[in-house]
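Student: As you go down the protein sequences, you meet chains D and Y in turn. The first sequence runs 1 to 385 under UniProt numbering. The second sequence runs 1 to 385 under UniProt numbering.
Protein chains: 2
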Amino acid sequence: MNSIQQSFSVRFTYPVHFTEHLFEPANPLLLNFFKRQHTEGFQKKALFIFDEGVIPYHPQLPAAITAYFATQNVVQLIPEFITVPGGEQAKNDPALVDRLIAAVDQYSIDRHSYVVCIGGGSVLDLVGYAAAISHRGIRHIRIPTTVLSQNDSGVGVKNGVNYRGKKNFLGTFVPPVAVFNDFQFLTTLDDRDWRAGISEAVKVALIKDPTFFERMEADAHALAHRDLEAMKHLVHRCAELHIQHIAGGDPFEMGSSRPLDFGHWSAHKLEYLTDFEVRHGEAVAIGMALDCLYANRIGWLADDDLNRILNLLRTLGFSLYHPALDADNSEGILRGLTEFREHLGGRLTILLLKAIGRGVEVHEIDAELVRQSIAFLRETETQPV
Amino acid sequence: MNSIQQSFSVRFTYPVHFTEHLFEPANPLLLNFFKRQHTEGFQKKALFIFDEGVIPYHPQLPAAITAYFATQNVVQLIPEFITVPGGEQAKNDPALVDRLIAAVDQYSIDRHSYVVCIGGGSVLDLVGYAAAISHRGIRHIRIPTTVLSQNDSGVGVKNGVNYRGKKNFLGTFVPPVAVFNDFQFLTTLDDRDWRAGISEAVKVALIKDPTFFERMEADAHALAHRDLEAMKHLVHRCAELHIQHIAGGDPFEMGSSRPLDFGHWSAHKLEYLTDFEVRHGEAVAIGMALDCLYANRIGWLADDDLNRILNLLRTLGFSLYHPALDADNSEGILRGLTEFREHLGGRLTILLLKAIGRGVEVHEIDAELVRQSIAFLRETETQPV
Ligand SMILES: NC(=O)c1ccc[n+]([C@@H]2O[C@H](COP(=O)([O-])OP(=O)(O)OC[C@H]3O[C@@H](n4cnc5c(N)ncnc54)[C@H](O)[C@@H]3O)[C@@H](O)[C@H]2O)c1
Ligand SMILES: NC(=O)c1ccc[n+]([C@@H]2O[C@H](COP(=O)([O-])OP(=O)(O)OC[C@H]3O[C@@H](n4cnc5c(N)ncnc54)[C@H](O)[C@@H]3O)[C@@H](O)[C@H]2O)c1
Ligand SMILES: [Zn+2]
Ligand SMILES: [Zn+2]
């Protein structure tokens, strides 16, 4: 009777919809989702949580949602809309997790009911976490409102909050039951958030899809000047690549390979060194530039590919140098390598490009070549367009 | 570009070992597990958490563990052993979750390291929860020390803590990476915990395995008199049935069928009505008796089967009546039906037996027949052996 080997698979499915004006009466997308999920005998509820930063730009939203749900009875709308502060602060305050759990309790949201979150990646991460731990997981629907959350975080399976300043220290892998990307939200982002979200698209193109990279080169000026049609294509293709990556690989990251961390070892450190004044996407743009210069110096990435990458990032409006890169002391950017190694459990793994669309993992990085790459960025940096 | 359907499966595997004297130098089981998991370049750590209620009965445990790990270097033992109070109080105090998370932080336990918990179902539920939410899931190893946790909760995929007195309000579905059932722990349980754990075994036998039921009938006296060999068989077979149930069905309970809740609608309420003086397993014994009497009254369960079930439970030493069953007011036992319906999301589903080993779900329960069944238990109850 020595041992029994348990083994099973759990299947997860969810649709990711691309739409505009989600809550207009003529748009049946969301309601059709609830209708498909309807089960005779169950009165399902929907509790809405808003990113406070979205409301001033979309003041009609609460009334539109109330009107949208008034026409049906497959799902019962909880009349109170809960709002939480937008941005990273949403993930820093443990009281917000408590507040969301208290709301789940107060409105008796059970495992057959829904928590619907409208907001940027930060608020989605917070709400996804609260939903995941309540009743061992309440169904949650994401309505992402930023470029980053529509093309990356919102379509994925992770959630999380910070703990004593440690990023995403608490969190789970739990997929949403549905994602609704409404492009209209993107029109009200400030320029920095519009741009920052694009860098994760450049990242997936660089590691997975040279054709997508070419399309971004063609659209670079339009994207930099906030052309919504160009952005729709970018968000859709980037989301699609993420979705495929998750399904094709290791959705809950049980192994140790993390190709999507391309450009991130220095980016994380740069965000931290600048006290998060540099946004994540902005830092990733710099981090990718740095690792591409490095790959070129070790003879991997050809000059032509390198120049195309630096040009695309600059045309998009990214600044590719920040003085914090040169704070070359024990707490400087190179310390990011050590922290990244620790984060990975003791063994450093960094993806570097052989060509646009093709990366290979390395386990060592030469500090001197990193310093040379930083010097190059410092000397060549011009003002963003 | 309207929608993308995401769809993927995640595979979970873990061994459930049955052993004795897990930490004796001659027992290589645990060390072999760590060796199999070893990856070149990663220094994995193991953080041990103890159920405080186990230590007085097994005072040699900390020294034995230290000695056991001293002989190897595939895994680094964290020298501090953390202890948390045993029993339900472990799940009632949010400060304990914080304390465990702080330890994960303090000792830099990453996603490749282990949290190892030694304790009853309550402490395992707490530690499993803390491990599941730290870094989106640290590998956790369960070493269950009670009958219930060895044959049921410890081999499954759920964890949880209570929130404002609401049982398991917070929790997740996250499998352990391994379970080590050491039968020696069972020898130090008090009689009530020894017995209470048996009732979940009677439950799975009643809904899944008539042969197992017969074996328990044959072993009933031995079990009642704490025969460890009889208990080993029971724990192994019950664990096996649970493991098969999880793998064969709906591991993360996404649907609404819950056959393992047999006998539980009244059990939950009875625990609550007696302020948890009646233990879960004791309440389940009464709940099963009640639902079997009910099934007999509606013409499903034959007299002979009914009598065998009541006899087995009584021979095992269970008391099948409690005065709280007769507190027939708006807060009485029948209120448990309403709460169970709400818990299920609006539709009542109760499994009732047609025969030993064969259950069928119903969606309505006749209150008057429940009252008659309670009256029968009151009138026929004799003192437990
Ligand atoms: N879960 C994941 O897989 C994953 C992946 C990448 C990043 N993230 C996380 O995402 C977070 C960043 O998310 P983000 O980039 O979406 O930014 P954000 O959520 O921090 O939002 C930035 C600001 O934009 C505001 N805002 C949101 N939508 C708006 C709109 N439509 N119009 C105007 N203002 C709007 C917000 O209120 C906030 O002030 C980080 O915490 C990061 O860790 C998570
Ligand atoms: N996660 C699941 O799937 C699941 C399933 C069923 C029950 N549970 C939970 O399990 C909990 C009950 O667990 P339990 O029945 O194991 O009891 P328990 O963990 O509450 O322990 C009961 C008492 O026994 C002590 N103890 C533990 N091991 C001992 C030993 N070897 N010798 C002497 N004393 C020992 C404990 O310190 C405690 O005082 C409940 O909270 C219940 O909700 C969870
Ligand atoms: Zn990123
Ligand atoms: Zn039970």
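All residues carry an ideal CB built from backbone N, CA and C; glycine is no exception. As the structure is a prediction and not an experimental result, all values here were calculated from the model.
Starting from the Cα of K158/Y, find the closest Cα among A130/Y, D182/Y, F185/Y and H135/Y and give me that residue.
Tutor: Working through the second sequence from its first residue, we reach residue 158/Y at position 158. If we check each option's Cα against that of K158/Y, A130/Y comes out closest.
Student: Does the Cβ of P144/D have 16 or more other Cβ atoms within 10 Å, making it buried, or fewer, making it exposed?
Tutor: Looking up residue 144/D in the first sequence gives position 144. When all chains shown are included, P144/D counts as buried.
Student: Are any of the Cβ atoms in chain Y nearer than 9 Å to that of Q43/D?
Tutor: Here residue 43/D refers to the residue found at position 43 when the first sequence is read from its first residue. By this cut-off, Q43/D is an interface position.
Student: Roughly how many angstroms separate the alpha carbons of F69/D and L29/D, rounded to a whole number?
Tutor: Residue 69/D sits at position 69 when you count from the first residue of the first sequence. Residue 29/D sits at position 29 when you count from the first residue of the first sequence. The straight-line gap from Cα to Cα measures roughly 12 Å.
Student: Alpha carbon to alpha carbon, how far is D209/D from E282/D?
Tutor: Along the first sequence, read from residue 1 onward, the residue named residue 209/D stands at position 209. Along the first sequence, read from residue 1 onward, the residue named residue 282/D stands at position 282. The straight-line gap from Cα to Cα measures roughly 21 Å.
Student: Could you say if the stretch 245 to 253 of chain Y and the stretch 344 to 356 of chain Y meet the contact criterion of at least three C-beta pairs nearer than 8 Å?
Tutor: Put simply, the stretch 245 to 253 of chain Y does not touch the stretch 344 to 356 of chain Y. Fewer than three CB pairs are less than 8 Å apart.
Student: Can the beta-carbon of T146/Y be found less than 9 Å from the beta-carbon of Y57/Y?
Tutor: Mapped onto the second sequence, residue 146/Y falls at position 146. Mapped onto the second sequence, residue 57/Y falls at position 57. No, the pair does not count as a contact, with Cβ atoms beyond the cut-off.
Student: Can you tell me whether DSSP reads Q5/Y as helix, strand or coil?
Tutor: Sequence index remark: in the second sequence, residue 5/Y carries index 5 (1-based). Three-state result, Q5/Y: strand.
Student: Would you kindly check if the distance between the Cβ of A289/D and the Cβ of L320/D is under 9 Å?
Tutor: Numbered from its first residue, the first sequence carries residue 320/D at position 320. Numbered from its first residue, the first sequence carries residue 289/D at position 289. Taking 9 Å as the Cβ cut-off, L320/D and A289/D qualify as a contacting pair.
Student: Can you give me the C-alpha to C-alpha distance between Y163/D and I101/Y, rounded to a whole angstrom?
Tutor: Here the question's residue 163/D lines up with position 163 in the first sequence. Here the question's residue 101/Y lines up with position 101 in the second sequence. Each residue's alpha carbon lies about 9 Å from the other.
Student: For chain D, is any of its Cβ atoms less than 9 Å away from the one on D227/Y?
Tutor: Along the second sequence, read from residue 1 onward, the residue named residue 227/Y stands at position 227. No, D227/Y lies away from the interface with chain D (no Cβ there is under 9 Å from its Cβ).
Student: Would you say the stretch 70 to 89 of chain D touches the stretch 213 to 221 of chain D, given that touching needs at least three Cβ pairs under 8 Å?
Tutor: No, they do not touch.
Student: For E200/D, write down the residues that DSSP places opposite it in a beta bridge.
Tutor: Mapped onto the first sequence, residue 200/D falls at position 200. DSSP output for E200/D lists no bridge partner at all.
Student: Should Q6/Y be flagged as near chain D, meaning a C-beta pair shorter than 9 Å?
Tutor: Locating residue 6/Y in the second sequence gives position 6, counting from the first residue. Yes, contact with chain D.
Student: Measure the C-alpha to C-alpha separation of A132/Y and H225/Y and round it to an integer number of angstroms.
Tutor: Indexing the second sequence from 1 puts residue 132/Y at position 132. Indexing the second sequence from 1 puts residue 225/Y at position 225. Distance between the alpha carbons of A132/Y and H225/Y is about 38 Å.
Student: Run down chain Y in chain order and give the residues with a C-beta less than 9 Å from the C-beta of T172/D.
Tutor: Looking up residue 172/D in the first sequence gives position 172. Proximity of chain Y to T172/D at the Cβ level (cut-off 9 Å) is accounted for by A132, I133, R136, G137, T172 and V174, in chain order.
Student: Looking at N168/D: is its Cβ nearer than 9 Å to the Cβ of F18/D?
Tutor: Mapped onto the first sequence, residue 168/D falls at position 168. Mapped onto the first sequence, residue 18/D falls at position 18. No; because the gap between Cβ atoms is not below 9 Å, this pair is not in contact.
Student: For a contact defined as C-beta to C-beta under 7 Å, what are the partners of S9/D on chain Y?
Tutor: What you label residue 9/D is simply residue 9 of the first sequence in a count that begins at 1. At a C-beta separation below 7 Å, S9/D has these neighbours in chain Y: S9, V10 and R11.
Student: Return yes when at least one heavy atom of ligand 1 lies under 8 Å from the C-beta of V97/D, else no.
Tutor: Indexing the first sequence from 1 puts residue 97/D at position 97. Outside the cutoff, so no.
Student: For H298/Y, does the count of other Cβ atoms within 10 angstroms reach 16, so buried, or fall short, so exposed?
Tutor: Position 298 of the second sequence holds residue 298/Y. Here residue 298/Y is Ile; the residue named in the question, His, does not match the sequence. It is exposed - the Cβ of I298/Y has fewer than 16 other Cβ atoms within 10 Å.
Student: DSSP on S149/Y, reduced to helix/strand/coil?
Tutor: Position 149 of the second sequence holds residue 149/Y. Three-state DSSP puts S149/Y in a helix.
Student: Which word fits G287/D, buried or exposed, when buried means at least 16 other C-beta atoms lie within 10 angstroms of its C-beta?
Tutor: One-based indexing of the first sequence puts residue 287/D at position 287. G287/D comes out buried.
Student: In angstroms, rounded to a whole number, what distance separates the CA positions of D227/Y and D152/Y?
Tutor: Mapped onto the second sequence, residue 227/Y falls at position 227. Mapped onto the second sequence, residue 152/Y falls at position 152. Straight-line Cα distance between these residues: approximately 20 Å.
Student: In the structure shown, what three-state DSSP assignment does L337/D receive?
Tutor: What you label residue 337/D is simply residue 337 of the first sequence in a count that begins at 1. DSSP, read as helix, strand or coil, puts L337/D in helix.
Student: Examine ligand 3 and report whether any of its heavy atoms sits within less than 8 Å of the Cβ of E200/D.
Tutor: Indexing the first sequence from 1 puts residue 200/D at position 200. True, at least one ligand heavy atom lies under 8 Å from that Cβ.
Student: For a test of the three-state rule: what should DSSP assign to F180/Y, helix, strand or coil?
Tutor: Here residue 180/Y refers to the residue found at position 180 of the second sequence. F180/Y carries a strand assignment under DSSP once its states are collapsed to helix, strand and coil.
Student: Taking E364/D as the reference, which of R371/D, E379/D, L337/D and A64/D has the closest Cα?
Tutor: The residue given as residue 364/D occupies position 364 in the first sequence. Relative to the Cα of E364/D, the nearest Cα in the group R371/D, E379/D, L337/D and A64/D belongs to L337/D.
Student: According to DSSP, R358/D sits in a beta bridge with which residue or residues?
Tutor: Mapped onto the first sequence, residue 358/D falls at position 358. Beta-bridge pairing links R358/D to A355/D.
Student: For G137/D versus T172/Y, is the C-beta distance shorter than 9 Å?
Tutor: Within the first sequence, residue 137/D is the residue found at index 137, counting from 1. Within the second sequence, residue 172/Y is the residue found at index 172, counting from 1. Yes, the pair counts as a contact, with Cβ atoms nearer than the cut-off.
Student: Note down, in chain order, every chain Y residue with its Cβ under 7 Å from the Cβ of N2/D.
Tutor: On the first sequence, residue 2/D is found 2 positions in, with the first residue counted as 1. H17 and F18, listed in chain order.
Student: Quick check on R139/Y: buried or exposed, where buried means 16 or more other Cβ atoms within 10 Å of its Cβ?
Tutor: Walking along the second sequence from the start, residue 139/Y turns up at place 139. With 16 or more other Cβ atoms within 10 Å, it is buried.
Student: Can you find a heavy atom of ligand 1 that lies under 8 Å from the Cβ of L189/D?
Tutor: Position 189 of the first sequence, counted from the start, is the residue given in the question as residue 189/D. Correct: L189/D has its Cβ closer than 8 Å to ligand 1.
Student: I think I198/Y touches V127/Y, with their Cβ atoms under 8 Å apart; what is that distance to the nearest whole Å?
Tutor: For the purposes of this step, residue 198/Y is identified with residue 198 of the second sequence, where counting begins at 1. For the purposes of this step, residue 127/Y is identified with residue 127 of the second sequence, where counting begins at 1. So it is not a contact: roughly 24 Å between Cβ atoms.
Student: Which whole-angstrom value is the C-beta distance of I109/Y and K203/Y, which I expect to be below 8 Å?
Tutor: Here residue 109/Y corresponds to residue number 109 of the second sequence, with the count starting at 1. Here residue 203/Y corresponds to residue number 203 of the second sequence, with the count starting at 1. With 8 Å as the limit, I109/Y and K203/Y do not qualify as a contact, their Cβ atoms being about 36 Å apart.
Student: So which of D191/Y, Q184/Y, E229/Y and V235/Y has the shortest CA-CA distance to A205/Y?
Tutor: Numbered from 1 along the second sequence, position 205 holds the residue referred to as residue 205/Y. Selected option, being the one with the closest Cα: V235/Y.
Student: Just the Cα atoms here: how many angstroms apart are F186/Y and W194/Y?
Tutor: Residue numbering aside, residue 186/Y sits at position 186 when the second sequence is read from its first letter. Residue numbering aside, residue 194/Y sits at position 194 when the second sequence is read from its first letter. Note on residue identity: the sequence assigns Leu, not Phe, to residue 186/Y. Roughly 7 Å separates the two Cα atoms.
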